[in-house]
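Asker: In the numbering used here, the protein residues as written are 6 to 152. Beta carbons are placed, not taken as given, at the ideal position from N, Cα and C, and that holds for glycine.
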């Protein structure tokens, strides 16, 4: 049997000989794919954005065959030195793991941008609430645009 063909980074198409099987979203948490290419970050930056007290969320629907939820993280030097930037990104990664598996939409890219002073100092429970409310607003706009 030949290996399945790839349909983009992080997406594997099922072989033609096997029947397609769909599993409910709630059966297993979906693993997030990490954005690495600069072009993906730039495309997300030109799409929807929603600011929160702890960070900025940029989101876009990819409109491709891949159903993976992809996420990227960025923190500029305004956050602080390398230690502070890495701490902010670690916090953003944990927030994304906790929230995007349930609230994120398949086929979307999300970029979380750290804010100076806020991302590191804000209570973690409030960061979780920030991402949940930002996603609700972003997807509310997306649904409203289609109607």
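If we count the other Cβ atoms within 10 Å of its Cβ and call it buried at 16 or more, is residue 29 buried or exposed?
Answerer: Taking the chain shown and counting its residues from 1, one reaches residue 29 at position 24. A caution first: residue 29 carries a pLDDT of 46, below 50, which makes its placement in the model unreliable, though a value can still be read off. Exposed.
Asker: Helix, strand or coil: how does DSSP classify residue 145 here?
Answerer: Reading the chain shown from its first residue, position 140 is the one you call residue 145. If DSSP states are grouped into helix, strand and coil, residue 145 belongs with the helices.
Asker: Beta-carbon within less than 8 angstroms of residue 131's beta-carbon, same chain only, minus the 5 sequence neighbours each way: which residues are those?
Answerer: In the chain shown, the residue the question calls residue 131 occupies position 126. Only 58, 59 meet the Cβ criterion.
Asker: Would you mind giving the Cβ-Cβ distance between residue 76 and residue 139, rounded to the nearest angstrom? I have them listed as a contact below 8 angstroms.
Answerer: Here residue 76 refers to the residue found at position 71 when the chain shown is read from its first residue. Here residue 139 refers to the residue found at position 134 when the chain shown is read from its first residue. Contact flag wrong, Cβ pair sits at about 13 angstroms.
Asker: Which parts of the segment 95-129 are runs of the beta strand (DSSP E), unbroken and 3 residues or longer, counting only runs that do not cross its ends?
Answerer: Runs found: 113-119.
Asker: For the alpha helix (DSSP H) holding residue 47, just list the boundary residues, first then last.
Answerer: Position 42 of the chain shown holds residue 47. Residues 43-50.
Asker: Could you spell out where the beta strand (DSSP E) holding residue 79 opens and where it closes?
Answerer: Mapped onto the chain shown, residue 79 falls at position 74. That run of the beta strand (DSSP E) goes 75-79.
Asker: Please state whether DSSP places residue 72 in a helix, a strand or coil.
Answerer: One-based indexing of the chain shown puts residue 72 at position 67. The answer is coil: DSSP assigns residue 72 none of H, G, I, E or B.
Asker: Here's the rule: buried if 16 or more other CB atoms are within 10 angstroms of the residue's CB, otherwise exposed. What is residue 74?
Answerer: On the chain shown, position 69 is the one that residue 74 refers to. With 16 or more other Cβ atoms within 10 Å, it is buried.
Asker: Is it the case that the segment 42-58 contacts the segment 80-100, given that we only count it when at least three CB pairs across the two stretches are under 8 angstroms?
Answerer: These segments do not touch.
Asker: Whole angstroms is fine: what's the gap from residue 103's alpha carbon to residue 94's?
Answerer: Translated into the one-based positions of the chain shown, residue 103 becomes position 98. Translated into the one-based positions of the chain shown, residue 94 becomes position 89. Approximately 14 angstroms, taken between the alpha carbons.
Asker: Sorted by chain position, which residues of the same chain lie with C-beta nearer than 8 angstroms to residue 48's C-beta, five sequence neighbours on each side aside?
Answerer: Within the chain shown, the letter at position 43 stands for residue 48. 65, 114, listed in sequence order.
Asker: Would you list the one or two residues that DSSP bridges to residue 90?
Answerer: Position 85 of the chain shown holds residue 90. According to DSSP, which records beta bridges pairwise, residue 90 is partnered with nothing at all.
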